[in-house]
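Novice:
Numbering (the numbering used here), first residue to last: 55 to 240.
#1: Please state the DSSP three-state secondary structure of residue 99.
#2: Buried or exposed, going by whether 16 or more other CB atoms sit within 10 Å of the CB of residue 213?
#3: I'd like the span of the alpha helix (DSSP H) that includes residue 228, first residue to last.
#4: When the Cα of residue 153 is compared with those of 189, 97, 196, 102, which residue comes out closest?
#5: Within 10 Å of its beta-carbon, does residue 177 have 16 or more other beta-carbons around it, so buried, or fewer, so exposed?
#6: Pull up the distance between the alpha-carbon of residue 59 and that of residue 145, whole angstroms please.
#7: Any idea if residue 132 is buried or exposed, counting beta-carbon neighbours within 10 angstroms, 16 or more meaning buried?
#8: Just tell me which of 79, 62, 57, 63 has its CA closest to the CA of residue 183.
#9: Could you tell me the alpha carbon to alpha carbon distance between residue 233 and residue 135, rounded to whole angstroms?
#10: Do residue 157 and residue 98 have their C-beta atoms within less than 8 Å of each other?
#11: With a CB to CB cut of under 8 Å and the five nearest residues on each side skipped, what residues in its chain are close to residue 82?
#12: Return the CA-CA distance between residue 128 and residue 175, expressed in angstroms with no decimal places.
#13: Work out the CA separation of residue 57 and residue 167 for me, nearest whole Å.
#14: So within the segment 85-170, which uninterrupted alpha helix (DSSP H) runs reach at least 4 residues, ignoring any that extend past its ends?
#15: Here's the rule I'm using: 16 or more other beta-carbon atoms within 10 Å means buried, otherwise exposed. How should residue 211 be labelled?
#16: Which two residues bound the contiguous alpha helix (DSSP H) that contains residue 204?
#17: Report the partner residues of residue 174 according to the DSSP bridge assignment.
#18: Taking C-beta to C-beta, are residue 94 and residue 72 nearer than 8 Å?
#19: Leaving out five residues on either side along the sequence, give the residues of the same chain with a beta carbon under 7 Å from the beta carbon of residue 139.
#20: Just grab the DSSP bridge partners of residue 196 for me.
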């Protein structure tokens, strides 16, 4: 029979959850402020940062920072706002999570809005949680003026010149299983 959690272990888990949530908040503020020194400290040395559409993929803290610098070359101001966040623990120093966000951005001389998610892996070293992996996916990334009409279709990732299908929800297994007959097929 397993021992029940102690008050100390339960408190440690609450503190870890709060620290991971703060990690996500620091990321959003650092990205919006273009504070790469702060952002750098949020990732492990061997972290991976990529996107589900394959447009981004960097392994290692230095490569991740270069990737951000490249993205900033086509971006003006941005405002990332995190919403829901779930965290699961794999070990005392390892966790995984999913975060939903919205962002307003100025990209390629256009006002754009995006709904995005991060699938994360976190590692704790010397008492500090960091990202070991971030995988970005999009429900939409649209010019503001196209939002109203684009939401009815599947080609909602318009961050680059090549229009992409949305990563979710239509392409998730549960959506495919549920999908009513009147909705477009992926």
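Even for Gly, the Cβ is constructed at its ideal location relative to N, Cα and C.
Specialist: Working from what's here:
#1: Taking the first residue of the chain shown as 1, we reach residue 99 at position 45. Strand at residue 99.
#2: Numbered from its first residue, the chain shown carries residue 213 at position 159. The residue in question, residue 213, is buried, as its Cβ has 16 or more Cβ neighbours within 10 Å.
#3: The residue given as residue 228 occupies position 174 in the chain shown. Element bounds for residue 228: 227-232.
#4: For the purposes of this step, residue 153 is taken as residue 99 along the chain shown, with counting starting at 1. The residue with the shortest Cα to Cα distance from residue 153 is 189.
#5: Reading the chain shown from its first residue, position 123 is the one you call residue 177. Counting Cβ neighbours within 10 Å, residue 177 comes out buried, since at least 16 surround it.
#6: Stepping through the chain shown from its first residue, residue 59 is reached at position 5. Stepping through the chain shown from its first residue, residue 145 is reached at position 91. Their Cα atoms are separated by approximately 14 Å.
#7: Your numbering for residue 132 matches position 78 in the chain shown. Per the 10 Å Cβ criterion, buried.
#8: Numbered from its first residue, the chain shown carries residue 183 at position 129. Answer by Cα proximity: 79.
#9: The sequence position of residue 233 within the chain shown is 179, counting from 1. The sequence position of residue 135 within the chain shown is 81, counting from 1. Near 29 Å, if we compare the C-alpha coordinates of residue 135 and residue 233.
#10: Taking the first residue of the chain shown as 1, we reach residue 157 at position 103. Taking the first residue of the chain shown as 1, we reach residue 98 at position 44. No, the Cβ-Cβ distance between residue 157 and residue 98 is not below 8 Å.
#11: On the chain shown, position 28 is the one that residue 82 refers to. Once the five neighbours on either side are set aside, the close Cβ partners of residue 82 are 134, 135, 136, 155.
#12: Within the chain shown, the letter at position 74 stands for residue 128. Within the chain shown, the letter at position 121 stands for residue 175. Distance between the alpha carbons of residue 128 and residue 175 is about 28 Å.
#13: Here residue 167 is taken as the residue at index 113 of the chain shown, counted from 1. Here residue 57 is taken as the residue at index 3 of the chain shown, counted from 1. So the two alpha carbons sit approximately 48 Å from each other.
#14: 90-94, 115-126
#15: As a working note, residue 211 is residue 157 in the chain shown. So residue 211 ends up on the buried side.
#16: Within the chain shown, numbered from 1, the residue matching residue 204 stands at position 150. Taken as a continuous stretch (DSSP letters only), the alpha helix (DSSP H) holding residue 204 covers 201-204.
#17: Looking up residue 174 in the chain shown gives position 120. BP columns for residue 174 point to 151, 188.
#18: In the chain shown, counting from the first residue as 1, residue 94 sits at position 40. In the chain shown, counting from the first residue as 1, residue 72 sits at position 18. Not closer than 8 Å, so no.
#19: Position 85 of the chain shown, counting from 1, holds the residue named residue 139. Closer than 7 Å at Cβ, skipping near neighbours: 75, 78, 151, 153.
#20: Residue mapping note: residue 196 aligns to position 142 of the chain shown, counting from 1. For residue 196, which the question treats as bridged, DSSP gives the partners 167.
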